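Visitor:
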Amino acid sequence: MKKIAMAILAVCLITCCAIGLIACDKSGTDTFAAPTQLELKSSGRLTWNGVEGAVGYEVSVNGTDYKAVEEEEIDVFSVVKDVSVTKIYVRAKSETQTSEAAELAVTVHQLSAPKKPTVMEDSETHAKQFHWEAVENANRYGVKVNDNENWVSIKNNYWTMTEDGTYSIAVKCLAYADGTTIYLESAASEESDEVVYIAGPLLYCDTLNEIYWQLEDGSAFTQYDLWIDGKEAAKDVGYHGSEDPLDLVEEGYLTKTGEYDIQIKAVKEGDTFAWSNMLSEFGTGNINPNEFYSFDNRIFSTPIAKEGVGISDEKYYGESGYSLKIEPGSGGGQINLVKYEGALDDVDLRYVRGISYWVYFEPVSGVADTSVDTVDAFKVAYDDSLGNYQNRIYAAGKSDYEDGTTIPVNRWTKVTVDACLNEYDNVIILSWTVETGNNFTIYLDEILVETVETIPAETEYTAQYAPAAGWFSGAAAKVAENQTPGATVTMKLDLQTSADGIADENLALASLGAPTGSNAAWQDSYMKLDTSKTGWREVTFDAKVAADGCVYLGAIYMADDGPWASIYIKDVEIIPSYAVTFETNGGSDVADVMIAEGSSLSGFDSMYLSVKDNLVFEGWYTSATFEVGTRVGRDVLTMPANALTVYAKWGDAYEYAAEFDGTAGWFSGKAAKVAENLTPEDTVTLTVQLRTTLDGVADNNVALAAFGGAAAGNDTWQDSFIKFDTSITGWREVTFQAKVAADGCVYLGGVYMADAGTPFVLYMKDVEAIQSFAVIFEENGGSDVADTKIAEGMSLADFDANYKTEKANTIFEGWYTSATFEEGTRVGVDVVTMPANALTVYAKWGDAYEYKVHYYSNSGSWFGGEAARVSVEGAKSGDTVVLSMQVKTSQDGVAGSVIKLYQEKTQWIDSTMGANYASGVMLSPAASSGWREVSLTVKLTEDGYMWLAAGSENPDLGECFVYIKSLESSIV
């Protein structure tokens, strides 16, 4: 009998092994990879490397507050809301799997609100500015001007008025990231007092001797006075525009070469006047190539030193020892380095990117300096008070002495300047500071062209960015003229960039208001470029025309400290535009517009919205009778080569309207007040009839949301929303739990839960608050659960999951309306909707357990849970151990529930349910809640411990707990 039993046992073992091998072969899968290289940008974008096979990603903070995204990035401020956050987790998701979490440890600080802004006048430039005290750790500020709902981002702690008007501002600190430190946006400051401002002319440098100025639209002055170096030089010099510049040398206002501060005082009448901007250190004197000498790649301002003489450890005096001598006391200034005839014939100085020079600083008597800061020494360019960078070249040098930031005195030192940017084809301008010029005799020698940019063949225009003054610094190219000032023209052009072949989302083509790229010339008209491409490619760009009727295209870098870059342009063509005339059919007026042929008409309804006496706007049609197939933006998708007349269609009446304008991320626009006289910060359940201007187009990013006020923005967002279906048309009812604002009102608005959302209008009517009733929790020794209110008729299906209580090592068996847990009183199972009365619910507790394993799946979209760390006394890493235990599950008695218990490698269950899932033990649901005995063979990966996890192949399982007791182990 023993032999027969042993034979049967052997057959069984062989069969089990074979089945196990087959199961492993069929069920084993590679672990789904986690995201890698999490990187937090200064803008707040968190990026990571994509995972092959992923259809999306899940981002959470501190292990909670999950948020799904489709791309390999997220706005970190959409998940990090307060300073309690210490870690950010990112998981990749496929159709059936979720990866392990990649994590990033962060530190979060809350920025303080700025103090109330006050008005100051610059003592030198006379510019009127709102100032506020700089806030510790603030990187950028948001300024809201007057009643404008948008916040303008600036870097400085002042805002300058430039146009006529009455102004008041509020300021807040904007959120940003610095490495892994996150700074959260502050509250807004107190609003400033109102100030009346009159804008002066905009003053420009035409050549080295000439100036001209331009006026804001509607400006009227009767007299223009010229001021030089803070003193009145001439009264009533007349108006001088770009066509008739004022030559300061020819008119005798300047009589010698030097640097001057030039400003125009424009008089309206009597004591009413306004100042122009100031041209600081304005340079004079015509450039005469005969005064300069150059050969090979050398450019000198005086005759060259004798061959073999010049650079030495000791200074040579006399004309033969150096190229240029600058006497002490000359202050700050500039040197014009000009190509000599016959030298550098094949080099255009506009494309010189690097120069070098040797310099010798000899201190004057009484000056004890031992070194000079390279920023104070010769550098390529200077800026005026408005950041206009008149010379268009700017880059401080780096010396070959120690760390390169200083130049020692009394010895020759070589300085190299990289990333130069220059507008002139025949001159490079070196400048130095006032202190340097006053304290030293300066000797220069061997000023060399080191690097020249290679310009692609066929290039007609070059727009250049140099990293010196933030996003907008460089030289723009004039590509069109004789256009309507302030208008927008659609241009088709071919371009390539110096950054091609390396993906960089921050390089952009922009239309600027002047040939110089600067903050003052910024027109908020730009298009980011795909630099992962190479070679010429065609783009279409809507460019804003400058005040002089020209189109200036520039290169900008939309992040701080960007790399030097050029955009090469050719074949510029202005696409013809045609008139669009609006027949509003009783709605509010919409100004006629010109739209370029072939332009997309997507979003036409939102761009050209008309309003009519609480009637739903149903779109623009090219047919006066609204024939099928004539809706603009839905049927008519691009602008034809002819004029259009479009007709507004009006639908049913509505009670409330909210707008999402898409100007500031997910939350931007206006909310509607739909209820009042409620308890502040409470949650109410509403039924709402709604429809939108997007109806008929499926978009799963559109949602109804509650806000803290009439402005639907980030600062009023209350994290209370519900998505709804836009693929249908007409009114539909939604039930929504809305958070009441601090003033006791409910404000409802539309949000678009993705970046670059489509603007839309949300119409609402028949808003009704559903009465809520109290739910009181009796935990019976479990952890506290806060009493709540639930609206009549609301589903209680997830009651246990929504209102969790715990009791040490005791099984929670649900909430009951009966204190004695009578049959038919289980909340969420028997009581499935909230009745029209208050409820007291009672926690039922079952048997004690030793270990608890948690598993969760949500319709296949997310898998996870927490494994139990089990003690295995006496076992070592690598040992095979048989575990015997009593188990029961929270799914016992649920039809179709299939659960496995298996060995996991970490605490957190991964999306594949672990490599050991196939060899786990099946926990078939019992007819009742009784304990049953199971065994599982495992192999330890650490001494004395292992992880037990639960999983299921049923994606609709939901949440499940496996309880374990009486666990025993034996080493095989």
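Counting in my numbering, the final residue of the sequence shown is number 968, and the numbers go up one at a time with none missing. Glycine residues also receive a C-beta, built at the ideal position from the N, C-alpha and C atoms. Model, not experiment: these values are computed from the prediction.
State the DSSP-derived secondary structure class of Val868, mapped to helix, strand or coil.
Guide: It is coil, neither helix nor strand.
Visitor: Under three-state DSSP, which class holds Asp567?
Guide: Three-state result, Asp567: strand.
Visitor: Select from Ser595, Glu579, Ser596 and Gly594 the residue whose C-alpha is nearest the C-alpha of Asp990.
Guide: Residue 990 falls outside the range modelled here, since the chain spans only -3 to 968, and no answer is possible.
Visitor: So, helix, strand or coil for Arg630, using DSSP?
Guide: Residue state, collapsed to three classes: coil.
Visitor: Examine the ligand HEM and report whether any of its heavy atoms sits within less than 6 angstroms of the Cβ of Ala476.
Guide: Judged by which ligands are present, the structure shown has none, so any question about the ligand HEM falls away.
Visitor: Under 7 angstroms between the Cβ atoms of Val76 and Val51?
Guide: No, the Cβ-Cβ distance between Val76 and Val51 is not below 7 angstroms.
Visitor: Would you kindly work out how many angstroms separate the C-alpha atoms of Asp174 and Lys37, rounded to a whole number?
Guide: Taking the straight line from one Cα to the other gives about 8 angstroms.
Visitor: I believe Trp662 touches Tyr748 by the beta-carbon criterion, under 8 angstroms. Please report the beta-carbon distance rounded to the nearest angstrom.
Guide: Sure, about 6 angstroms apart at Cβ, within 8 angstroms.
Visitor: Could you please give me the residues that DSSP links to Phe769 through a beta bridge?
Guide: Note: Phe769 sits in a beta bridge opposite Ile786.
Visitor: Secondary structure at Ser272, three-state DSSP: helix, strand or coil?
Guide: Of the three classes helix, strand and coil, the one that applies to Ser272 here is coil, per DSSP.
Visitor: Let me make sure I understand the geometry here. Which of Asn805, Asp695 and Glu775 has the alpha-carbon closest to that of Gly753?
Guide: Comparing Cα positions, the closest option is Asp695.
Visitor: With C-beta atoms as the reference, is Ala543 less than 7 angstroms away from Met487?
Guide: Contact: no.
Visitor: Looking only at its chain, what residues have a beta carbon closer than 6 angstroms to the beta carbon of Ile194, apart from the 5 residues adjacent to it on each side?
Guide: Asp160 and Ala270.
Visitor: So, with DSSP's three-state summary, where would you put Leu489?
Guide: The answer is strand: DSSP assigns Leu489 an E or B state.
Visitor: Kindly give me the distance between the Cβ atoms of Asp1017 and Thr409, rounded to whole angstroms, as I take these residues to be in contact under 8 angstroms.
Guide: Examination of residue 1017 is not possible in this model, given that the chain is present from -3 through 968 alone.
Visitor: Might you give, ordered along the chain, the residues of its own chain that have their beta carbon closer than 8 angstroms to the beta carbon of Glu818, omitting 5 neighbours on each side?
Guide: The residues are Tyr812.
Visitor: Enumerate, from N- to C-terminal direction, the unbroken alpha helix (DSSP H) stretches of 4 or more residues contained entirely within the region 653 to 698.
Guide: Fully enclosed alpha helix (DSSP H) runs of 4 or longer: not present.
Visitor: Shortest alpha-carbon distance to His105 belongs to which of Glu129, Ala97, Asn133 and Ser90?
Guide: The candidate whose alpha carbon is nearest that of His105 is Asn133.
Visitor: Shortest alpha-carbon distance to Ile260 belongs to which of Glu120, Gly325, Asp344 and Lys140?
Guide: Measuring from the Cα of Ile260, the nearest candidate turns out to be Glu120.
Visitor: Give the C-beta separation of Ser528 and Ala499 to the nearest angstrom, bearing in mind that I take them to be a contact with Cβ-Cβ under 8 angstroms.
Guide: At roughly 4 angstroms, the Cβ-Cβ gap stays under 8 angstroms, so Ser528 and Ala499 are in contact.
Visitor: Leaving aside the five residues before and after Thr821 along the sequence, list all residues of the same chain whose C-beta is less than 8 angstroms from its C-beta, in chain order.
Guide: The answer, listed in chain order, is Tyr812, Thr813, Ser814 and Val827.
Visitor: If you follow the alpha helix (DSSP H) that Met603 is in, where does it begin and where does it stop?
Guide: Start and end: Phe600 to Met603.
Visitor: Write down every uninterrupted run of the alpha helix (DSSP H) in the region 118 to 184 whose length is 4 residues or greater and which is fully enclosed by it, in chain order.
Guide: If we require 4 residues or more, the region 118 to 184 turns out to have no alpha helix (DSSP H) run fully inside it.
Visitor: Excluding the five sequence neighbours on either side, which residues of its own chain have a C-beta within less than 7 angstroms of the C-beta of Tyr154, listed in chain order?
Guide: Cβ neighbours of Tyr154 beyond the five flanking positions: Gln125, Phe126 and His127.
Visitor: Could you tell me if Gly196 is buried or exposed, where buried requires 16 or more neighbouring beta carbons within 10 angstroms of its beta carbon?
Guide: With 16 or more other Cβ atoms within 10 Å, it is buried.
Visitor: Put Asp609 into one of helix, strand or coil per three-state DSSP.
Guide: Three-state result, Asp609: coil.
Visitor: For the alpha helix (DSSP H) that Asp796 lies in, which residues bound it at each end?
Guide: Counting along the chain, the alpha helix (DSSP H) containing Asp796 begins and ends at Phe795 to Asn798.
Visitor: Count the other CB atoms within 10 Å of the CB of Ala301; is the residue buried (16 or more) or exposed (fewer)?
Guide: With a pLDDT of 31 at Ala301, under the threshold of 50, the modelled position of this residue cannot be trusted, and the question is left open.
Visitor: What do you get for Met918, buried or exposed, if any count of 16 or more other CB atoms within 10 angstroms of its CB means buried?
Guide: So Met918 counts as exposed.
Visitor: Counting Cβ pairs closer than 8 angstroms, one from the region 165 to 185 and one from the region 199 to 219, do we hit at least three?
Guide: No: fewer than three Cβ pairs fall under 8 angstroms.
Visitor: Taking 8 angstroms as the threshold, find out whether the region 599 to 610 comes into contact with the region 733 to 751 through three or more Cβ pairs.
Guide: As far as the Cβ criterion goes, the region 599 to 610 does not touch the region 733 to 751, which means the pair count is below three.
Visitor: Out of Val680, Gly470, Asn146 and Val930, point me to the one whose CA is closest to Gly558's CA.
Guide: It is Gly470.
Visitor: Classify Gln887 as buried or exposed, calling it buried when 16 or more other Cβ atoms lie within 10 Å of its own Cβ.
Guide: Classification for Gln887: buried.
Visitor: Thinking C-beta only, is Tyr652 closer than 7 angstroms to Met969?
Guide: With the chain covering -3 to 968 only, the question about residue 969 has no answer from this structure.
Visitor: Asp441 bridges to which residues according to DSSP?
Guide: DSSP, once it has assigned bridges, lists Trp354 as partnering Asp441.
Visitor: Go through the region 521 to 594 residue by residue and report every complete run of the alpha helix (DSSP H) that reaches 4 residues or more, in order.
Guide: If we require 4 residues or more, the region 521 to 594 turns out to have no alpha helix (DSSP H) run fully inside it.
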